[in-house]
Structures are given as C-alpha cells and as structure tokens.
Amino acid sequence: MKKDIRKEFLFSIRNSRFLIIAAAFMFLGLLTPLMLKVILPMVFSSQFPGMDEEMIAQMIDMSQFGSLQGFFGDLYEMGTVIVAFSLCGLVAQELKDNTLVIPLCSGKRFSDIVLSKMIVFSLVMTISTIASASVSYLYSGLLFDFEVKYASILQSSLLHSLYLIFILACLILVGSLTSKPIATGLTTLIISYGIHGIGSLLAINKWLPSGLIIQAQTLGKGLSDIANQGVVASESTGTAVIEGISSGKISNSSLALSVTMTAVLIITFTALSILRLRTMEHNRR
Amino acid sequence: MNEYMIDIKNLHKTFGDVHALQGVTLQVKRGEIYGFIGKNGAGKSTTMNIMAGLSRPDSGSCIVNGHAINTIKHPGQLSIGYLPEAPAFFGWMTARESLKYLKSNGKNHKSVKAAEKGSGQEMTDIDEMLSWVGLADVADRRVGGFSRGMKQRLGLCQILMHEPELLILDEPSSALDPEGRSDILRLILELNQMGKTIIFSTHILSDVERICHTVGMIADGRMIVEKPLAEMLRQDITPVFELELGSAIDAATLAELQRDANVQKVDQISETLLSITVNDEYSGSRSIISWLAFHTIQLRSLKLRHINLEELFIQEVNGGRS
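In order, the protein sequence lines correspond to chains A and B.
Residue numbers for the first sequence follow my numbering, beginning at 1 and rising by one.
Residue numbers for the second sequence follow my numbering, beginning at 1001 and rising by one.
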C-alpha cells in the first residue's frame, strides 16, 4: 500500500495534476475578491452610466462574506470541471493503456490500487481547497474587511473537500466502468450537476452530496442567519443558497445528514470500483 | 508435487459473437520450455490471458501453478511471471522506479551471477537485474521513451522480481530486431536453466525450433498439435527429395511416380525440377531410383531435406492433419 501511495503521489507531481488543481483553485481564490471589488463595479459603471456606488452596493454583496460565498460558488461550478477533467484518466486511462496488467500480475491488489488513489487525491484536493480558501480569505479581508471567522472558512473548505472526494469516487467508479477518460469526465460532470439540480428541484439536497455545497456556501453562519440578515448572495454563488433559504428545507441540522450520506456514497462507490476491477477482463486489445 | 505447471482442459471463451477458444486443451510440464504457436487471432493471447488470471473462461478447467483460475480472487495469487505482448509501464516512471514499485516487499531475487551459473544465490539489487537485461545505462530514464525491445527487457526483468516458478510470455520476441530476438531467447534459455518453467507464444517458428522442448499449435481457437519437439521432428517432419532432371518429362511418366505407395506427393516446380514428399527416406529413395532407372531419366542432382516446423505448421493449419 505504501508503494502504491508513493506511486500516486509521484504521478500527481510528475503529471502536474497537483499543480493544475492547486493553481486553478488559487486562481479562483484570487479572482473572486478582485472581481467583486474592481471588475464588477467597472462593468456596472460602463453599462449603466447613471449608477452610483451606493446603487451597485445594493445589488451585490461587497463584503468579505459575499466574496467568500462567491469563491465557494465558483469552486463548485468551475472547480468540479477542473477536477473532473484533470483526474478523468485516473483509472480509465490505466485500463485503456493496460498499465494495470503488470502491477496486477506482480501481486498488487485492486483494493490497494483504488484506495491509494483515493487517499492521495483526497489529500491533493483538501490541501488545494484549504489553501485557496485561505488565500481568498486573506485577499478579500484586505480588500474589504475581516468580518468572517477563519474557523468558518476551514469548515466550509472541509465540506467542499468532502464533496470533491465524492467527485473523485465517481471518477474512479465511472472510469472502471467505461475505461474511457473523456467519457468518464463528462459522465461525472453530469452526475455532479444532475444531483444538484434534482436536489434543488425536489428539495432533497440535505440527503445528497450537493447539500455539502450549500452548507459550505453559508460559511458557518447557517442558512437561517443568512435569511434573517437579508444577505443577498452575489453572482453565481448564490443560486444554491437562495434556493436553500427559499425552500426552507435546508438548515444547519442537515449538515450531519449530508456528511453522512456523502461518506456512505464515497465508501459505496469505492467498494463498487474495487469489485468492478476484480471481475472485469484485463489486458483487452 | 504436480507434474504439470499448467493443466488446461476443454477451455471455451467467447467475446460477443466471436468464439475465441473452442475447447483448448494444453499441458505444460514442470521445468520445460513450451512453445505456443499460432497465427494472429488464433487464440494464443486469449489463452495466455486466462492462464495469467486476467480473464475468466466461459467453461473448461484451467489450473495454473496449482490454482484453479476460476477460484482465484486476484492474479497475484498465482505467483507467476506474466509478460504481455506489449508490456505497458507507467511512462512517467524511470526503469528503476518501475522495478521498485513492482518489487514485492521482503522478496529476494536471483543474482545475475547466480542466473548465469544456474545456482540458487539470491539477489536484492535492482541494478544488477537491470544490467542482466542490458538496461543498466538507462536505469534512470523514463520508460515512456523506451523502445519496444527495451520495454520487453524491462518486462522480463520485472517478472523475475518475485522469483516465479512459472513464466508466461506472450510473444516476447515479436517486433524485435534479430539481435533483440536473439537476446530474449538467450535470456529465456538462461531462465530455464535456473529451473523456471516457461510457456511463450510466438509466430516466429524458428525461435520455437531453437529453444522449445514441447510445441503446441493452435488454430481457430482449437489445439491442433501438442507434442514434444523432438518427437514432432521425428514423426511429423516428412522427408522430401528434391530432384533436378537432365530433361523434361511428360505428365504420364510423372503420374506413374505419383501412384507409388511410398510417395505422398509430387510437386513439379519447373520442367526439370521436382519436389517429392515420401513416407520415409529409405523406401522413398528406392522408389525414386527405380522410377528413374525404369524410364531412363537422366539425373543431375538429388537432395534430401526435411519439412521444417514452419512448413509443418502451414500444413497442419491448412490441411487439418492430426
């Protein structure tokens, strides 16, 4: 298992997977506060010449809270795409290229192969999420004001990381089923956005991994608090939060449920991937 | 201890509409080199995939190294060395890193010197293994830049990391230049001298003639011949006389030779060149000389040769003789 973990770690470094994910997340972390502070007001001013700063501030939440909500929203929408396409070949490409054949015949176990991928890339995504959220926290704090507790950022980062680990489990399972990297990436994206869509439509997000995304965007305030304060979420962030608030179905108490359901799905998908690899034909041309 | 390292009986395998294996039966004795020959698509790789535990048969029994293939949970349980036709390594790893990754914990390996001497000394040094297969100079180069021949050598190196008793090599010498082929065959012979049982598939029949003890021929998913090479050469390699005549002969005279009981077949290559396949050298030569004398045919030269494995293979595949 140690050797498998080392191999996956080397893979993430040599094939720049770690770099791609970390750099993309960092970029989002820096871009969101900058968009809110500089670019959005400029766009509004150029499009609507009569609009003053006060009017703009009423339309968008120009605060650290709004900026960080925007960051987690972007991380869900764009981060999922980045993760899906940079890690779509994790199992699919190895099956396609038959690179698993020699390790399997050398005594490597399917469970070790799958679990090492889960461990290494879960760490990659958790580290990238926490680091980028911290950067976004500092930068937005400097641009606006430090009004959000760092502990809330850590909690949201961990919730978002858990969601990304669910995406990773999806990628491994779909990859073991299709053996086609691009199809794996696309299918995982459909699953990710589909779950969110269905969850919002049927108001069952707390039963789904998408509940984590909604919880992460509350930044520890709780949806009821946000609703009471009349915070209007900015840009892309907020659809999920506003849906959550308006439906009234998601509350802080649903956090444990979302976490549990996601953990169960991750374990189930991982077990199914191992089972699939164990029963499938290898070394096919 | 079981006499057979591989014991396959009536193996069937289908892929959709394609019946790839149609009752393959094959036995590989402990300590021998078994040459598994057949045309492309005959079912060699499918059979070898099943032997390596990478694929499951639809029906039939396959016992490899004492394990029934249908009962194993993992290919590693077989404790064999398997080299695929196109060994695929992680291209971003160096040769040394690949071997380190694939090396089992706590296992020892035969040393090069031990290998050369055929003794049982142990080796733990990957570098020594790499120099044995001639890859010491490129040990720190990424495998992605290796040629097919270098990958074959690295593949051979990695399967020895676990000291398997049985090696299954799928076309190890195909797509290699003559020097590379010769090296691989030398390595196989050395491994056999170390006591390894080896089965290798190929369509290069001269390789089989050079190193194998037993030959199995497969065509259209069926075994058509399985015999020790020496026995096959003695029994099945038919004598052929090649005659150069002083003048052309007519069809009626030729037909008379064809009717002789000792003669299997007469091929007229040109007006004065004949290739005559006979049942055995002694009676065949008598019949030919009698025929020449009776018709007062001038003989320029007479040469005896035997059908080689390649011709026999073509004959078996096309003629279906068993």
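Ideal Cβ positions, reconstructed from N, Cα and C, are used throughout, including at glycine.
First through last residue of the beta strand (DSSP E) which encompasses C1062(B) | Walking along the second sequence from the start, residue 1062(B) turns up at place 62. Residues 1059-1064.
Go ahead and pull the three-state DSSP assignment for T126(A).
-> Sequence index remark: in the first sequence, residue 126(A) carries index 126 (1-based). Three-state result, T126(A): helix.
Do Y1082(B) and C105(A) come within 7 Å of each other at the CB atom, strictly closer than that value?
-> Stepping through the first sequence from its first residue, residue 105(A) is reached at position 105. Stepping through the second sequence from its first residue, residue 1082(B) is reached at position 82. Yes, the Cβ-Cβ distance between C105(A) and Y1082(B) is below 7 Å.
Given a limit of 8 Å on CB to CB distance, which residues of the region 89-109 of chain A reach chain B?
-> Within the region 89-109 of chain A, contact with chain B at the beta-carbon level (separation under 8 Å) is assigned to D97, N98, T99, V101, I102, P103, L104, C105, S106, G107, K108, R109.
Within chain B, the residues that E281(A) reaches when beta carbons sit closer than 8 Å = Sequence index remark: in the first sequence, residue 281(A) carries index 281 (1-based). Within 8 Å Cβ-Cβ: N1049, L1054, S1055, R1056.
Residue burial classification, R1259(B) (beta-carbon count within 10 angstroms, cutoff 16) | Here residue 1259(B) refers to the residue found at position 259 of the second sequence. Under this definition R1259(B) is an exposed residue.
Just checking my contact of G1134(B) with D1183(B) at CB under 8 Å: how many whole Å lie between their CB atoms?
-> As a first step, residue 1134(B) is located in the second sequence; it is residue number 134 there, counting from the start. As a first step, residue 1183(B) is located in the second sequence; it is residue number 183 there, counting from the start. The beta carbons of G1134(B) and D1183(B) sit about 7 Å from each other, so the pair counts as a contact at 8 Å.
With DSSP as the reference, please indicate the residues paired to L1026(B) in a beta bridge.
-> The residue you call residue 1026(B) lines up with position 26 of the second sequence. L1026(B) pairs with I1008(B).
Using the C-alpha atoms, what's the distance from D1280(B) back to R1305(B)?
-> Taking the second sequence and counting its residues from 1, one reaches residue 1305(B) at position 305. Taking the second sequence and counting its residues from 1, one reaches residue 1280(B) at position 280. Per the coordinates, the alpha-carbon of R1305(B) lies some 12 Å from the alpha-carbon of D1280(B).
Could you list which residues in chain B have their beta carbon closer than 8 Å to that of F166(A), in chain order?
-> For this step, residue 166(A) is matched to residue 166 along the first sequence. Within 8 Å Cβ-Cβ: nothing; F166(A) doesn't reach chain B, min ~27 Å.
Environment of H1295(B) [buried if 16+ CB atoms lie within 10 Å] | As a position in the second sequence, residue 1295(B) is number 295, starting the count at 1. Exposed is the call here.
Cβ separation of L168(A) and S122(A), assumed to be a contact under 8 Å, to the nearest whole Å | By one-based count along the first sequence, residue 168(A) stands at place 168. By one-based count along the first sequence, residue 122(A) stands at place 122. Yes, L168(A) and S122(A) are in contact; Cβ-Cβ is about 6 Å, under 8 Å.
Which residues share a DSSP beta bridge with Y139(A)?
-> Position 139 of the first sequence holds residue 139(A). Answer is none; Y139(A) lacks a bridge partner.
Looking at C-alpha atoms only, which residue of R6(A), S16(A), T80(A) is the closest neighbour of I213(A)?
-> Residue 213(A) sits at position 213 when you count from the first residue of the first sequence. If we check each option's Cα against that of I213(A), T80(A) comes out closest.
Cutoff 7 Å: A1115(B) Cβ touching any chain A Cβ = Residue 1115(B) sits at position 115 when you count from the first residue of the second sequence. With a pLDDT of 45 at A1115(B), under the threshold of 50, the modelled position of that residue is not reliable, and no figure is offered here.
Below 7 Å CB to CB, which residues in the same chain sit around W1092(B) once its five sequence neighbours on both sides are set aside?
-> Translated into positions along the second sequence, residue 1092(B) becomes position 92. Excluding its 5 nearest sequence neighbours in each direction, W1092(B) has C-beta neighbours in its own chain below 7 Å: R1142, G1144, listed in chain order.
F11(A): contacting residues in chain B (beta-carbon distance under 9 Å) | Along the first sequence, one-based indexing puts residue 11(A) at 11. F11(A) reaches chain B at F1090, W1092, M1093, counting residues in chain order whose Cβ is nearer than 9 Å.
Does the beta carbon of R276(A) sit closer than 7 Å to a beta carbon anywhere in chain B?
-> Locating residue 276(A) in the first sequence gives position 276, counting from the first residue. With 7 Å as the cut-off, R276(A) does not count as an interface residue toward chain B.
Which runs of the alpha helix (DSSP H), 4 residues or longer, sit entirely within the region 84-128 of chain A?
-> Segments of the alpha helix (DSSP H) lying fully in the region 84-128 of chain A: 89-96, 101-105.
Give me the Cβ distance between S1079(B) and A1068(B), rounded to the nearest whole Å; I'm assuming they're in contact under 8 Å.
-> Here residue 1079(B) is taken as the residue at index 79 of the second sequence, counted from 1. Here residue 1068(B) is taken as the residue at index 68 of the second sequence, counted from 1. So it is not a contact: roughly 14 Å between Cβ atoms.
Short Cβ contact (7 Å threshold) for F85(A) with L173(A) | As a working mapping, residue 85(A) is identified with position 85 in the first sequence. As a working mapping, residue 173(A) is identified with position 173 in the first sequence. No.
For I245(A), name the three-state secondary structure that DSSP assigns.
-> Residue numbering aside, residue 245(A) sits at position 245 when the first sequence is read from its first letter. Note that I245(A) has pLDDT 44, beneath the 50 cutoff, so the model's placement of it is unreliable and no number is given.
Bounding residues of the beta strand (DSSP E) (the contiguous stretch that carries Q1077(B)) | As a working note, residue 1077(B) is residue 77 in the second sequence. No beta strand (DSSP E) holds Q1077(B); DSSP gives it neither H nor E.
With DSSP collapsed to three states, give me the class of R1142(B).
-> Looking up residue 1142(B) in the second sequence gives position 142. Three-state result, R1142(B): strand.
Going by C-alpha distance, which of S16(A), S161(A), S46(A), L34(A) is nearest Y137(A)?
-> Against the first sequence, residue 137(A) aligns to sequence position 137. Comparing Cα-Cα distances from Y137(A) to each of S16(A), S161(A), S46(A), L34(A), the minimum goes to L34(A).
Backbone CA spacing between F44(A) and G197(A) [nearest angstrom] = Translated into the one-based positions of the first sequence, residue 44(A) becomes position 44. Translated into the one-based positions of the first sequence, residue 197(A) becomes position 197. Spanning the alpha carbons of F44(A) and G197(A) requires a straight line of approximately 30 Å.
Inspect the beta-carbon positions of I1033(B) and I1198(B) and report whether they are closer than 7 Å.
-> Position 33 of the second sequence holds residue 1033(B). Position 198 of the second sequence holds residue 1198(B). I1198(B) sits close to I1033(B), with the two beta carbons spaced by under 7 Å.
Comparing alpha-carbon positions, which option in M1223(B), I1063(B), L1229(B), A1255(B) lies nearest G1038(B)?
-> Taking the first residue of the second sequence as position 1, residue 1038(B) is located at position 38. If we check each option's Cα against that of G1038(B), M1223(B) comes out closest.
If we count Cβ pairs, one from each stretch, closer than 8 Å, do we get three or more for the region 127-144 of chain A versus the region 62-76 of chain A?
-> Counting C-beta pairs closer than 8 Å gives three or more between the region 127-144 of chain A and the region 62-76 of chain A, which meets the contact rule.
In chain B, which residues lie with their C-beta within 7 Å of the C-beta of K3(A)?
-> Taking the first residue of the first sequence as 1, we reach residue 3(A) at position 3. For a Cβ distance threshold of 7 Å, residue set Y1101 of chain B lies close to K3(A), ordered along the chain.
Cβ pair count under 8 Å reaching 3, the region 1183-1195 of chain B against the region 1017-1027 of chain B | Result no; under three Cβ-Cβ pairs closer than 8 Å.
If we cut at 7 Å on Cβ distances, does G1076(B) have a partner in chain A?
-> Translated into positions along the second sequence, residue 1076(B) becomes position 76. Interface residue, yes.
List the residues that DSSP assigns as beta-bridge partners of I1168(B).
-> For the purposes of this step, residue 1168(B) is taken as the residue at position 168 of the second sequence. Partner(s): Y1082(B), I1199(B).
Alpha carbon to alpha carbon, what distance is there between Y163(A) and L287(A)?
-> Residue 287(A) is absent from the model: chain A starts at 1 and stops at 285.
Selection from I274(A), M280(A), F144(A), D61(A) that minimises the alpha carbon distance to I113(A) | Start at 1 with the first residue of the first sequence, and residue 113(A) comes out as number 113. Ranked by Cα distance from I113(A), the options I274(A), M280(A), F144(A), D61(A) are led by I274(A).
Does any CB atom of chain B fall closer than 7 Å to the CB of K7(A)?
-> As a position in the first sequence, residue 7(A) is number 7, starting the count at 1. Yes, its Cβ sits closer than 7 Å to a Cβ of chain B.
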